[in-house]
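Student: Heads up: the sequence shown begins at 79 in our numbering, then just goes up one per residue.
Ideal Cβ positions, reconstructed from N, Cα and C, are used throughout, including at glycine.
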Amino acid sequence: MKCMMSTRLMGGFYMSNKYKICVYAICKNEEKFVDRWMDHVSNADVVIVVDTGSSDNTIEKLKKRGALVYSINATPFRFDYSRNECLKFIPDDIDICVSSDLDDVIEHGWREHLENAWTRETTRGLYLYNWSVNTDGSPAVQYTWDRIHSRHGYKWIYPTHEILEYIGEGEEKQVYIEGMLYNHHPDPSKNRSLNLPLLKLAIKENPNNSRNLYYLGREYMFDSSWDDCILTLKEYLALPTSNWEDERSSSMRFIAKSYFEKGEILNSKKWFHKAISESILSREPYVGLSLLAYLEKDWISVYYYANEALKIKEKSFDFANDANSWDFTPYDLAALGCYNLNMIAKAIEFSEQAINLSPNDDRLLNNHKIYLDSL
Numbered sequence: 079m080k081c082m083m084s085t086r087l088m089g090g091f092y093m094s095n096k097y098k099i100c101v102y103a104i105c106k107n108e109e110k111f112v113d114r115w116m117d118h119v120s121n122a123d124v125v126i127v128v129d130t131g132s133s134d135n136t137i138e139k140l141k142k143r144g145a146l147v148y149s150i151n152a153t154p155f156r157f158d159y160s161r162n163e164c165l166k167f168i169p170d171d172i173d174i175c176v177s178s179d180l181d182d183v184i185e186h187g188w189r190e191h192l193e194n195a196w197t198r199e200t201t202r203g204l205y206l207y208n209w210s211v212n213t214d215g216s217p218a219v220q221y222t223w224d225r226i227h228s229r230h231g232y233k234w235i236y237p238t239h240e241i242l243e244y245i246g247e248g249e250e251k252q253v254y255i256e257g258m259l260y261n262h263h264p265d266p267s268k269n270r271s272l273n274l275p276l277l278k279l280a281i282k283e284n285p286n287n288s289r290n291l292y293y294l295g296r297e298y299m300f301d302s303s304w305d306d307c308i309l310t311l312k313e314y315l316a317l318p319t320s321n322w323e324d325e326r327s328s329s330m331r332f333i334a335k336s337y338f339e340k341g342e343i344l345n346s347k348k349w350f351h352k353a354i355s356e357s358i359l360s361r362e363p364y365v366g367l368s369l370l371a372y373l374e375k376d377w378i379s380v381y382y383y384a385n386e387a388l389k390i391k392e393k394s395f396d397f398a399n400d401a402n403s404w405d406f407t408p409y410d411l412a413a414l415g416c417y418n419l420n421m422i423a424k425a426i427e428f429s430e431q432a433i434n435l436s437p438n439d440d441r442l443l444n445n446h447k448i449y450l451d452s453l
């Protein structure tokens, strides 16, 4: 008969668990997230947080809720160093390490799902991660993530957009944790200023790392540095290791957006078409072309590209998805195209589908009334 260990939970009661689990995180000035985060992770055997210099009440609130908190000097700051320092505080007898950020919400029941999937041979766990969430709670950008791992055999690498590298003996054993779900609820006022210098540092340390070059190009786009974005992502596309179709297609869309912002519309269209040819099952470049056509009042193209986007039914679970390609937007664009082409009945059909996805949007409701009145 398999022996089970008895574990005391933060709350004063006991239950039998298969594995000893630690949730760990790094933080700085995140007191507003503490209670919500602890509500969802406190059934771990231990919760360990490394603070990198909070000046608010983050540390006090975490300790009050039962977390073990350690302060480190993380100057100059980099994410991989801080997470690796946190790993040092995790006891050696922990079986499973669950990495989380304080702005994450791990849905209740996660421990049961994790223990059901894990085996003694497992080294890493994969799970569903909602990187962004719509106001109604539905996922906007959703992909599979992999930040759950065994206590030994892993280290964090890269100054930002850090990942876990397997350094253990033997073959890495991964398992998908059915039912486990993280929701990311970031602070919209959070400063992104660290990302650009840290990504530049990442490229300085690993000049031919395609992943980090992609993120650097994307960050230049977020920074409205259009020429730098175009140049960097063209360098990324030229690397022989840049071979993931969805990521390549995504980079081409960023180039297209940058050309649009520069006023070079033909180049923008060209790169959206390149993105289509790179990943033919991605909605995103079709939606981009439909939006461009809308600005030009090219209604045939608005309808055509939106309708082509809607022919793609399967959403891939990766970070390269754009939220507006999987919400009401393509239906809305198709309706607008049809209305201006005097295809009123089809405009109403598309409009109804857009409203089903966003029932409280006043603009969609007003447009739908116009379509009905026209009929």
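CA-CA distance, R86 and A413?
Tutor: Within the sequence shown, residue 86 is the residue found at index 8, counting from 1. Within the sequence shown, residue 413 is the residue found at index 335, counting from 1. With a pLDDT of only 40 at R86, under the threshold of 50, the placement of this residue in the model should not be trusted; the figure read from the coordinates follows. Cα-Cα distance, rounded: 57 Å.
Student: Grab the span of the alpha helix (DSSP H) containing M330 for me, first residue to last.
Tutor: By one-based count along the sequence shown, residue 330 stands at place 252. Here the alpha helix (DSSP H) through M330 covers 323-339.
Student: Mind checking whether the beta-carbon of K340 lies closer than 8 Å to any heavy atom of the ligand ZN?
Tutor: Among the components of this structure there are no ligands whatsoever, and the ligand ZN is therefore not found.
Student: Give me the Cβ distance between D173 and R229, rounded to the nearest whole Å; I'm assuming they're in contact under 8 Å.
Tutor: Within the sequence shown, residue 173 is the residue found at index 95, counting from 1. Within the sequence shown, residue 229 is the residue found at index 151, counting from 1. Indeed they touch by this definition, with Cβ atoms about 7 Å apart.
Student: Where do the N-terminal and C-terminal ends of the alpha helix (DSSP H) with S368 fall, by residue?
Tutor: Taking the sequence shown and counting its residues from 1, one reaches residue 368 at position 290. Element bounds for S368: 362-373.
Student: With distances taken Cα to Cα, identify the nearest neighbour of R474 among W322, E163, D182.
Tutor: The question about residue 474 has no answer, for the chain in this structure spans 79 to 453.
Student: Please report the straight-line C-alpha distance between N445 and Y417, rounded to a whole angstrom.
Tutor: Against the sequence shown, residue 445 aligns to sequence position 367. Against the sequence shown, residue 417 aligns to sequence position 339. Approximately 10 Å, taken between the alpha carbons.
Student: Assess contact between the segment 266-275 and the segment 297-304, defined as three or more Cβ pairs (one per stretch) separated by less than 8 Å. Is contact present?
Tutor: Touching, yes.
Student: Note down the Cα distance separating K391 from K142, rounded to an integer number of angstroms.
Tutor: Along the sequence shown, one-based indexing puts residue 391 at 313. Along the sequence shown, one-based indexing puts residue 142 at 64. The straight-line gap from Cα to Cα measures roughly 47 Å.
Student: Is it a yes or a no for the segment 277-289 touching the segment 248-261, going by three-plus beta-carbon pairs under 8 Å?
Tutor: Touching, no, given that fewer than three Cβ pairs across the two stretches are closer than 8 Å.
Student: Run through DSSP, which three-state label would D399 get?
Tutor: Your numbering for residue 399 matches position 321 in the sequence shown. The sequence as given places Asn at residue 399; Asp does not occur at that position. Coil.
Student: Quick one: give me the first and last residue of the beta strand (DSSP E) that D224 is part of.
Tutor: For the purposes of this step, residue 224 is taken as the residue at position 146 of the sequence shown. D224 -> beta strand (DSSP E) spans 217-228.
Student: Looking at L279: is its Cβ nearer than 9 Å to the Cβ of Y314?
Tutor: By one-based count along the sequence shown, residue 279 stands at place 201. By one-based count along the sequence shown, residue 314 stands at place 236. Contact: no.
Student: Are the C-beta of F428 and some C-beta of chain C separated by less than 9 Å?
Tutor: Within the model displayed, chain C is absent; a lone protein chain is all it includes.
Student: In three-state terms, what does DSSP make of K139?
Tutor: Your numbering for residue 139 matches position 61 in the sequence shown. Here K139 sits in helix by DSSP.
Student: Which residues share a DSSP beta bridge with V127?
Tutor: Locating residue 127 in the sequence shown gives position 49, counting from the first residue. V127 is bridged to A103, V147.
Student: Spatial neighbours of L442 within its chain, please: CB distance less than 8 Å, with the 5 preceding and 5 following residues excluded, ordered by chain position.
Tutor: Looking up residue 442 in the sequence shown gives position 364. Contacts found: F406, D410, S429, A432, I433, S436.
Student: Quick check: what's the CA-CA separation for W188 versus N194?
Tutor: Here residue 188 is taken as the residue at index 110 of the sequence shown, counted from 1. Here residue 194 is taken as the residue at index 116 of the sequence shown, counted from 1. Between W188 and N194, the C-alpha separation is close to 10 Å.
Student: Measuring CB atoms only, is the segment 120-130 touching the segment 100-108, in the sense that at least three cross pairs come out at less than 8 Å?
Tutor: Short answer: they touch.
Student: Classify T213: buried if its beta carbon has 16 or more other beta carbons within 10 angstroms, exposed otherwise.
Tutor: As a position in the sequence shown, residue 213 is number 135, starting the count at 1. T213 should be labelled exposed.
Student: Could you spell out where the beta strand (DSSP E) holding I241 opens and where it closes?
Tutor: Working through the sequence shown from its first residue, we reach residue 241 at position 163. Counting along the chain, the beta strand (DSSP E) containing I241 begins and ends at 241-244.
Student: Along the alpha helix (DSSP H) that carries E386, what are the first and last residues, could you check?
Tutor: For the purposes of this step, residue 386 is identified with residue 308 of the sequence shown, where counting begins at 1. First-last of the alpha helix (DSSP H) with E386: 377-388.
Student: Find out if the Cβ-Cβ distance for the pair P363, A384 is shorter than 9 Å.
Tutor: Sequence index remark: in the sequence shown, residue 363 carries index 285 (1-based). Sequence index remark: in the sequence shown, residue 384 carries index 306 (1-based). Not a contact, by the Cβ cut-off of 9 Å.
Student: Could you check the C-alpha separation between N287 and F338 for me, to the nearest Å?
Tutor: The residue you call residue 287 lines up with position 209 of the sequence shown. The residue you call residue 338 lines up with position 260 of the sequence shown. So the alpha carbons of these two residues sit roughly 27 Å apart.
Student: If you draw a straight line from the C-alpha of I343 to the C-alpha of N121, how long is it?
Tutor: Mapped onto the sequence shown, residue 343 falls at position 265. Mapped onto the sequence shown, residue 121 falls at position 43. For I343 and N121, the distance between alpha carbons rounds to 54 Å.
Student: Return yes when the Cβ of W234 is within less than 9 Å of the Cβ of R161, no when it is not.
Tutor: The residue given as residue 161 occupies position 83 in the sequence shown. The residue given as residue 234 occupies position 156 in the sequence shown. Against a cut-off of 9 Å, the Cβ pair of W234 and R161 comes out as a contact.
Student: With DSSP run on the structure shown, which of helix, strand or coil describes R441?
Tutor: Walking along the sequence shown from the start, residue 441 turns up at place 363. Note: R441 maps to helix in three-state DSSP.
Student: Nearest CA to the CA of A401: which residue from P217, L453, D158?
Tutor: Counting from one through the sequence shown, the residue named residue 401 turns up at place 323. For A401, the nearest C-alpha among the options comes from P217.
Student: Less than 9 Å between the beta carbons of F157 and H262, yes or no?
Tutor: By one-based count along the sequence shown, residue 157 stands at place 79. By one-based count along the sequence shown, residue 262 stands at place 184. Going by C-beta atoms, F157 is not nearer than 9 Å to H262.
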